[in-house]
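Below is one structure, written out as structure tokens, with a few remarks after it.
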Amino acid sequence: MRPFTSGTPSVVLALLLPLTACGDGDPCRDLAPGSVCTLAGTGEYGFNRDGKPARDSDFYLLSAVRRGPDGRIHLMDFNNQRLRVIDDAGLVQSIAGNGFHAQADVTLPAIDSPLENPIDFAFDPAGDLVFVSYHDPRVIRITAEGNLETLAGDGELGVRGDEGDFGDPL
Numbered sequence: 005m006r007p008f009t010s011g012t013p014s015v016v017l018a019l020l021l022p023l024t025a026c027g028d029g030d031p032c033r034d035l036a037p038g039s040v041c042t043l044a045g046t047g048e049y050g051f052n053r054d055g056k057p058a059r060d061s062d063f064y065l066l067s068a069v070r071r072g073p074d075g076r077i078h079l080m081d082f083n084n085q086r087l088r089v090i091d092d093a094g095l096v097q098s099i100a101g102n103g104f105h106a107q108a109d110v111t112l113p114a115i116d117s118p119l120e121n122p123i124d125f126a127f128d129p130a131g132d133l134v135f136v137s138y139h140d141p142r143v144i145r146i147t148a149e150g151n152l153e154t155l156a157g158d159g160e161l162g163v164r165g166d167e168g169d170f171g172d173p174l
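Per the working numbering: the sequence shown = residues 5 to 174.
What follows is the structure, given as structure tokens:
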């Protein structure tokens, strides 16, 4: 597949390519309508460390991308077992996940914990990030202090019935 570059007409965009987004504050804002701007990613699968400019960073299957309440772009890097963010300097940093594939350890800071194929996330009303993982049956929050907190689930696979209270982890 031939690589795409910033300015490529959007009609040729494929979903396997680097993250694209446009809007206020993005480096893509001056593009002609219908054009594509690469915001993050090289188009190569992998992990080439944190602290690199967003366009020079490798990802391994982004499963979710959202702008946080602080305006930064958050990226769920599924096969790198990390949640990453594009910081104010335009550099990619991990904020959760140490790159190892295992259930999250809520006794560790988010950045030091393994993750088990994190798949999606949202922000709660307080602005904390809440995520779920493909092989970790829990809903987990990253607190403002950078710690992990289980909101629901006990980490055990299976069905417990319909009588549980969502507010009480199983």
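By construction, the Cβ of each residue, glycine as well, lies at the ideal position given by its N, Cα and C atoms. Treat the numbers as computed from the prediction; the structure is a model and nothing was measured.
- Put simply, of Val-89, Gln-85, Ala-114 and Leu-155 the residue whose alpha carbon is nearest the alpha carbon of Ile-123 is Gln-85.
- Taking the Cα of Ile-115 as reference, the smallest distance to any Cα among Phe-125, Gly-101 and Phe-63 is reached at Gly-101.
- Taking each of Ser-61, Asp-60 and His-78 in turn and checking the Cα distance to Ala-68, the smallest one comes out for His-78.
- Ranked by how close their Cα comes to the Cα of Asp-128, the residues Ala-44, Gly-159 and Gly-72 have Gly-72 in first place.
- The beta-bridge partner set that DSSP reports for Ile-123 is empty.
- For Glu-149, no pairing in a beta bridge is given by DSSP.
- Approximately 19 Å separates the beta-carbon atoms of Thr-147 and Asp-158; this is outside 8 Å, ruling out the contact.
- The three-state secondary structure of Ala-156, taken from DSSP, is strand.
- Where Val-110 is concerned, there is no enclosing beta strand (DSSP E), because DSSP gives it neither an H nor an E.
- Straight through space, the alpha carbons of Gln-107 and Asp-91 are spaced by roughly 26 Å.
- Here the C-alpha atom of Tyr-138 lies approximately 15 Å from the C-alpha atom of Arg-145.
- Here the alpha carbons of Gly-162 and Gln-97 stand approximately 34 Å from one another.
- Annotated as proximal: Gly-45 and Phe-63, with beta-carbon spacing under 7 Å.
- If you check the CB distance, Val-143 and Ala-126 do not come in under 7 Å.
- Residue environment analysis places Ala-58 among the buried positions, since at least 16 neighbouring C-beta atoms fall within 10 angstroms of its C-beta.
- Comparing alpha-carbon positions, the option among Phe-82, Glu-149 and Glu-120 lying closest to Ala-130 turns out to be Glu-149.
- With a cutoff of 7 Å on beta-carbon distance, Phe-104 and Pro-118 are scored as near each other.
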